[in-house]
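Peer 1:
Numbering (this note's numbering), first residue to last: 1 to 756.
What follows is the structure, given as structure tokens:
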């Protein structure tokens, strides 16, 4: 039996190697003869289908249906789309996103079977499919039909991809799939994009009353553009759901339709400068100032009963908080989801600016809508690489795109402290006391804006103990925390109880507040959190009451294999760990980013870091909340940016990614005022604003903490001179950074025993 198992393992390895070594032929003619492309792409697709193997179910079927469409295997493509939808999330909530491809597949099959023209079969299939689609799934069809990308741009992306392979006659399966997927998107939209948009418009006219391009004047003379949608046949006035959106485009129609199908008037308003507004696009700065007049206009609109709610995620979460700085009496509730904490977690996280800010600025400012080519472009990654490898100052990042200085990027860099520039945009300190409306916040353990979402939640309760504010948090990404979670997130199969629709929860909340219906059953207390691995939700009134116990782990200088010891007993005598980081050296592994890497896996990046590991747990526990603590260090420079990452190490040696922390030492005590370190003197600073988690830790598992110094192309690099960090270059690196970590440094994590 042992021999048989060994043989099977060897055979599997050989077969796997064979699959990954297989190549797809790329005919030279595809580069020189444009008319040959459709036929050759079809042949490539057919070859892929004979050689490709399944990996992750969701990613496989999300890719393979494109290949099947190109190979004209329409029936199989339809089945693959269904498998993708079911593998992605619950209740077929993903249907709208791939609606156009599904209709295309069904129409292709019908055209074959009935021998009728494709456009005729497409029209018939579209109308039947959309008519029979559940109302709650119809809003997302908008983005499937109109993805805010020009057909010419899709064509250009395909040819750019093809041009990368001009010097080769073979592709890996992955390269071939990427090329075919790019062609599939171009092919489908060029064939039926305009027809589908007309059919959708015609069908929506039967369902909705739609008013487009309504200009609203604000008190300070600016103007914003509104879209108003409600269901036909409703005579009475309704509460309005106001979505305050900088991402002008098809998403406006999606969110306004979603409000309408849920029994409200949906009003999507673009921030000043977007769509028809003639004002300059200045992200974040004037949203709060404009919102009062907008809400006043909405509350007096003929279809509105005078009550207004707000919802939306990311920037749209921020814009809700901006509206509460001066609260309009008609605003009855807000539902901020995965909210950007302006100046808190974007464009800097705990006072460390991020490279991504430049890409995002151009995405929203290049035109009156959104520039979808920005995120399709490789220019930004090249600029980040150049900034990092050559050691340019961070404030030169914009010029590395060869487009000159970026006004907004440079303006933001002038505010590395949390000063009035940022705090003027949202409620600040005592202003939270005046927010007396009910609020529902949603975010995720793996949401890049979780710190911002929790900042608003904590500040609200800090300054208003009587606040009516609920929090829902689970194993969700930035997208999952505002829409619906994927069943598998970065390798982690999330618990069934975590699979909820955030959209549905939001409208249950609106029904509760604006229509006096029952409160959502999930909201059993102020804080509602899903315990990963335990497959259950827990509820508590505050973070202080979340846990009955706390682990206090000291970062000791006692070794444990390749790690140091996370020690639960306070060290009896002072000790330290010394290590150095050469900030002038570059390494491909220097890649600390937003939750970089998978949630589960086998290998962890230890670059520029030291690691600490606990003893195995002698019983199951659940750890909950953010981790805190303090670091006691002596360094030879005036500043540094530190990161901490927490993992569960399972008995089999695999890891589970729990939480992280990134901060600038000179701002760790006070994000409003920089306090530079004295070289070679002890400096103790708190660990605050880490990412929250909740996870069942099994008996036999250990906690691994990795502590390091941030040196990455994804962030500004702090060379430690004490100058404004964005102006420092690699020439400021000087001698290597020497870090002496004193062994009374510690991290604290709350937990409950299995029975609690």
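Ideal Cβ placement from N, Cα and C applies to all residues, glycine included.
#1: Expressed to the nearest angstrom, what Euclidean distance is found between the alpha-carbon atoms of residue 311 and residue 167?
#2: Where do the ends of the beta strand (DSSP E) carrying residue 537 lie?
#3: Suppose the cutoff is 7 Å on Cβ atoms and the five residues either side in sequence are ignored; what does the same chain contact list for residue 340 look like?
#4: Alpha carbon to alpha carbon, how far is residue 546 from residue 658?
#5: From the DSSP output, in three-state form, read off residue 747 for me.
#6: Shortest alpha-carbon distance to residue 56 belongs to which of 75, 42, 396, 83?
#7: Can you find the residues in the same chain that come closer than 6 Å, C-beta to C-beta, to residue 391, ignoring five residues on each side of it along the sequence?
#8: How close, in whole Å, do the beta carbons of residue 635 and residue 738 come, if the pair is a contact with beta carbons under 8 Å?
#9: Apart from the five residues on each side of it in sequence, which residues of its chain come closer than 6 Å, Cβ to Cβ, to residue 594?
#10: Report buried or exposed for residue 234, applying the criterion of at least 16 other Cβ atoms within 10 angstroms of its Cβ.
#11: From which residue to which residue does the alpha helix (DSSP H) around residue 65 run?
#12: Identify the residues that DSSP records as bridge partners of residue 739: which are they?
#13: Quick check: the Cα distance between residue 109 and residue 74, rounded to an integer number of angstroms?
#14: Over the uninterrupted alpha helix (DSSP H) stretch that includes residue 357, give me the two end residues.
#15: Who are the Cβ neighbours of residue 23 in its own chain at under 7 Å, not counting the five residues just before and after it?
#16: Taking just the CA atoms, how far does residue 712 sit from residue 394?
#17: Taking only beta-carbon atoms, is residue 316 less than 8 Å away from chain D?
#18: Give the DSSP-derived three-state secondary structure of residue 336 in the structure shown.
#19: Among residues of its own chain, excluding the 5 on either side of residue 229, which ones have a beta-carbon nearer than 6 Å to its beta-carbon?
#20: Let's test the definition: count the other Cβ atoms within 10 Å of the Cβ of residue 38 and tell me whether it reaches 16, buried, or not, exposed.
#21: Quick check on the DSSP output: the beta strand (DSSP E) that includes residue 584 runs from which residue to which?
#22: For the alpha helix (DSSP H) containing residue 50, list its first residue and its last residue.
#23: Which residues in the same chain have their Cβ closer than 7 Å to the Cβ of residue 176, if we skip the five residues on either side of it in sequence?
#24: Roughly how many angstroms separate the alpha carbons of residue 115 and residue 72, rounded to a whole number?
#25: Find the nearest neighbour of residue 387 within the set 378, 397, 699, judged by alpha-carbon distance.
#26: In whole angstroms, what is the alpha-carbon distance linking residue 793 and residue 326?
#27: Restricting to runs no shorter than 3 residues, where is the beta strand (DSSP E) found entirely within the stretch 671-714?
#28: How many Å lie between residue 628 and residue 123 at the Cα?
#29: Report the option in 119, 102, 139 whose CA atom is closest to the CA atom of residue 129.
#30: Quick one: any contact between the stretch 664-675 and the stretch 685-699, if contact means 3 or more CB pairs under 8 Å?
#31: Using a Cβ-Cβ cutoff of less than 6 Å, which residues in the same chain neighbour residue 186 once the five nearest sequence positions on both sides are dropped?
#32: By the 10 Å Cβ neighbour count, where 16 or more other Cβ atoms means buried, how is residue 201 classified, buried or exposed?
#33: Run through the DSSP bridge pairs and tell me what residue 270 is partnered with.
#34: As a quick exercise: from 442, 145, 460, pick the residue whose alpha carbon is nearest that of residue 199.
#35: Just the Cα atoms here: how many angstroms apart are residue 281 and residue 274?
#36: Touch check for the stretch 604-618 and the stretch 551-566: three-plus C-beta pairs under 8 Å?
Peer 2: This is what the structure gives:
#1: Approximately 50 Å, taken between the alpha carbons.
#2: Segment 536-540, the beta strand (DSSP E) holding residue 537.
#3: So the qualifying residues of the chain are 314, 315, 317, 318, 346, 449, 452.
#4: One C-alpha to the other measures close to 17 Å.
#5: Looking at residue 747 - three-state DSSP - the assignment turns out to be strand.
#6: Nearest C-alpha to residue 56 among 75, 42, 396, 83: 83.
#7: Excluding sequence neighbours, residue 391 sits near 729, 730.
#8: About 6 Å separates the beta carbon of residue 635 from that of residue 738, a gap short enough to meet the 8 Å contact definition.
#9: Its pLDDT being 47, under 50, residue 594 is placed unreliably by the model, and the measurement read from it follows with that caveat. Around residue 594: 448.
#10: Counting other Cβ atoms within 10 Å of its Cβ, residue 234 stays below 16 and is therefore classed as exposed.
#11: Run containing residue 65: 57-70, per the alpha helix (DSSP H) assignment.
#12: Paired residue(s): 579, 635.
#13: So the two alpha carbons sit approximately 5 Å from each other.
#14: Run containing residue 357: 356-365, per the alpha helix (DSSP H) assignment.
#15: When the five nearest sequence neighbours on each side are left out, the beta carbons in the same chain lying within less than 7 Å of the beta carbon of residue 23 are those of 170, 171, 172, in order along the chain.
#16: Between residue 394 and residue 712, the C-alpha separation is close to 11 Å.
#17: Although the question refers to chain D, the structure presented lacks it and comprises just one protein chain.
#18: Residue 336 sits in a strand when the DSSP states are folded into three classes.
#19: Exclusion of the five residues before and after residue 229 leaves 208, 210, 256, 257, 260, 266 as the residues of its chain whose Cβ lies within less than 6 Å of its Cβ.
#20: Residue 38 should be labelled exposed.
#21: Taken as a continuous stretch (DSSP letters only), residue 584 belongs to no beta strand (DSSP E), as it is neither H nor E.
#22: Start and end: 37-51.
#23: Within the same chain, residue 176 has close Cβ partners 24, 44, 48.
#24: Taking C-alpha positions only, residue 115 is separated from residue 72 by approximately 14 Å.
#25: Closest option to residue 387, judged by alpha-carbon separation, among 378, 397, 699: 397.
#26: Outside the modelled stretch of the chain, which goes from 1 to 756, sits residue 793, for which no answer is possible.
#27: The qualifying runs are 683-687, 693-697, 702-709.
#28: In a straight line, the C-alpha of residue 628 is about 58 Å away from that of residue 123.
#29: Comparing C-alpha distances from residue 129 to each of 119, 102, 139 shows the shortest one belongs to 102.
#30: Segments in contact, yes.
#31: The beta carbon of residue 186 lies closer than 6 Å to those of 154, 155, 158 in the same chain, with the five residues before and after it left out.
#32: Exposed: under 16 other Cβ atoms inside 10 Å.
#33: In the DSSP output, where bridge partners are listed per residue, residue 270 has 225, 245.
#34: Considering only alpha carbons, the answer is 145.
#35: The straight-line gap from Cα to Cα measures roughly 7 Å.
#36: Yes, they touch.
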